[in-house]
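Be aware that the sequence shown starts at 17, since it is given in the numbering used here, and climbs by one per residue. Taking it in order: structure first as structure tokens, then the write-up.
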Amino acid sequence: MPIVTDDIESLLNFVSINFFYGWKFKKNRCWSCRSLDVISWGKQNGKRRFKCKNCGIYFTSENKSVSLKNKEIWFKKWIVGKQTYEQISTESGYSVSTLQRYFNVMLGKAPRLSYSQNKEVYLLIDGTYFSNEICLVVYRDNTFKQTQLYRITDGEHYEELKEDLENILNLGIKIGGITCDGDKSLLKAIRKVCPKVPVQRCLVHIQRMCKIWLSAYPKSIAGFELREIVCKIHFIDNEIKKQYWIKEFLDWSEKHKEFLNEKSYSQETERYWYTHKMVRRCFSVIKKALPNMFIFLQNHNIPKTTNAIESFFGHLKGNLNIHRGLTKSRRKKFIQWYLFYKNLKS
């Protein structure tokens, strides 16, 4: 219906009144889901507080601390949610440049890792490598899926691993068991710092490496038989199967003793070497690992593989690869934030 006014003054009064009430009762928009279905929810620090009926979050329209907290929520999604700047910009309403400025500030500092204090932990210890010579070593509790300690370095070094284990014990954490892939430096550090802690060698790692060395179709009978024995490792889940498997392995080694010790000679270099290197390598690895291959049968809290931590590394690398172009220092900070948020989520 058209507005009827007697003069210009009445029209101006009408516009000013409507502008005032329209401004006063303007609907607030939720910063998270962009919904207008927002209601007043009291006051906080003297400022009006709102609740979004669509997504349930609370916010104040003019609170800088809340604004920063909201941006941190988007930063967390950027770190662990596999979302790009463009996707977050669309959802949040912030411009890409605003998000980049704030995220760069966050990547300039490192969070302090927090975790639940448990009476006893069963550690998965492993290292993984990234580009730019970055090595991440993680000490992760398998029961509660939380990282107890980590180190960002350039390799798995004995002195650093020894120091890490000492720090874990100094924090008052009792180690009930350790599962690892058999890295020599790590095994040496464990023997030095906590020799009484049971150590389980990762069965999947042993099986995988032996299959690679023997190939899918071994040329020798000894290699073919050893490959069949190796393929049975992951089926062992009780003491009886363990004893049968060990007997089969020892019988095989006795049967092919001469084959394993056979050497070749070069007249040019006047040097000897084992003729069947790959088969002998598999035999040596299993023989050395045998005392620690079936520790998990004595304590079911000890995992028999490091699959869980390798999967964890896979997700981390997948998230990091989405954000290509980060400098080396910011890649390190990204990793630290990822570990921090994953512990909070656990």
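C-beta: ideal position from N, C-alpha, C; glycine also.
State the start and end residues of the unbroken alpha helix (DSSP H) segment that holds residue i.
| i | result |
| --- | --- |
| Gln259 | 255 to 271 |
| Lys59 | From DSSP, Lys59 is part of no alpha helix (DSSP H) but of the beta strand (DSSP E) over 54 to 60. |
| Val363 | Only positions 17 to 362 of the chain appear in the structure, and residue 363 is not among them; the question remains open. |
| Val246 | 237 to 246 |
| Gln116 | 112 to 122 |
| Lys279 | Premise fails: Lys279 lies in the beta strand (DSSP E), 279 to 282, not in any alpha helix (DSSP H). |
| Arg50 | No alpha helix (DSSP H) holds Arg50; DSSP gives it neither H nor E. |
Is the separation between the beta-carbon of residue i and that of residue j shorter than 8 angstroms?
| i | j | result |
| --- | --- | --- |
| Val295 | Ser236 | yes |
| Tyr8 | Ile318 | Residue 8 lies beyond the range of the chain shown here (17 to 362); nothing can be said about it. |
| Tyr74 | Trp90 | no |
| His221 | Gly198 | yes |
| Val209 | Glu182 | yes |
| Lys190 | Lys135 | yes |
| Thr343 | Asp142 | no |
| Trp261 | Glu241 | no |
Among residues of its own chain, excluding the 5 on either side of residue i, which ones have a beta-carbon nearer than 8 angstroms to its beta-carbon?
| i | result |
| --- | --- |
| Gly193 | Tyr138, Leu139, Val213, Pro214, Val215, Gln216, Ile311, Asn315, Asn317, Ile318 |
| Gly188 | Gln133 |
| Ile95 | Asn335, Phe350, Trp353, Tyr354, Tyr357 |
| Lys69 | Ser51, Asp53, Val54, Ile55 |
| Thr114 | none |
| His292 | Ser236, Ala238, Gly239, Phe275, Leu276, Glu278 |
| Thr159 | Asn134, Val137, Tyr138, Asn317 |
Please return the same chain residues whose Cβ sits closer than 7 angstroms to the Cβ of residue i, not counting the five positions on each side in sequence.
| i | result |
| --- | --- |
| Ile168 | Ile150, Leu152, Lys348, Ile351 |
| Val112 | Tyr101, Glu102, Ser105 |
| Arg65 | Trp57, Gly58, Lys59, Tyr74, Thr76 |
| Ala305 | Gly198, Arg217, Ile222 |
| Leu123 | Arg346, Lys349, Phe350 |
Have a look at the options and flag the residue whose alpha-carbon is nearest the alpha-carbon of residue i.
| i | options | result |
| --- | --- | --- |
| Cys46 | Gly188, Ile95, Val121, Tyr110 | Tyr110 |
| Leu185 | Tyr174, Lys161, Pro211 | Pro211 |
| Tyr233 | Asn70, Met225, Arg243 | Arg243 |
| Ile171 | Ile262, Met122, Ser147, Ser108 | A small fix is needed here, since residue 171 is Gly in this sequence, not Ile. Out of Ile262, Met122, Ser147, Ser108, Ser147 has the C-alpha closest to the C-alpha of Gly171. |
| Trp229 | Ile191, Cys298, Glu182, Leu342 | Cys298 |
| Lys161 | Lys178, Ser130, Tyr174 | Ser130 |
| Asn120 | Gly341, Asn359, Leu360 | Gly341 |
| Leu360 | His331, Ile256, Lys92 | Lys92 |
| Lys178 | Lys204, Thr159, Asn86 | Lys204 |
| Cys196 | Gln116, Ala324, Glu286 | Ala324 |
| Arg207 | Asn308, Thr285, Ile338, Lys320 | Asn308 |
Between which two residues does the beta strand (DSSP E) containing residue i stretch?
| i | result |
| --- | --- |
| Arg297 | Note, Arg297: premise wrong, no beta strand (DSSP E); alpha helix (DSSP H) at 293 to 305. |
| Thr63 | First, the amino acid is wrong: residue 63 is Lys here, not Thr. Lys63 -> beta strand (DSSP E) spans 63 to 68. |
| Phe146 | 136 to 146 |
| Gly192 | 190 to 196 |
| Ile365 | Lying before the first or after the last residue shown, residue 365 is absent from the chain, which here runs from 17 to 362. |
Less than 8 angstroms between the CB atoms is what I'm expecting for residue i and residue j, so what's the real figure, rounded?
| i | j | result |
| --- | --- | --- |
| Lys227 | Val246 | 6 angstroms |
| Lys258 | Leu313 | 6 angstroms |
| His250 | Leu219 | 6 angstroms |
| Tyr118 | Lys87 | 5 angstroms |
In chain order, what residues of the same chain have a beta carbon less than 6 angstroms from the beta carbon of residue i, not counting five sequence neighbours either side?
| i | result |
| --- | --- |
| Asp157 | Val137, Gln164 |
| Phe265 | Ile245 |
| Phe329 | Thr144 |
| Tyr288 | Lys279, Tyr281 |
| Ser48 | Cys71, Ile73 |
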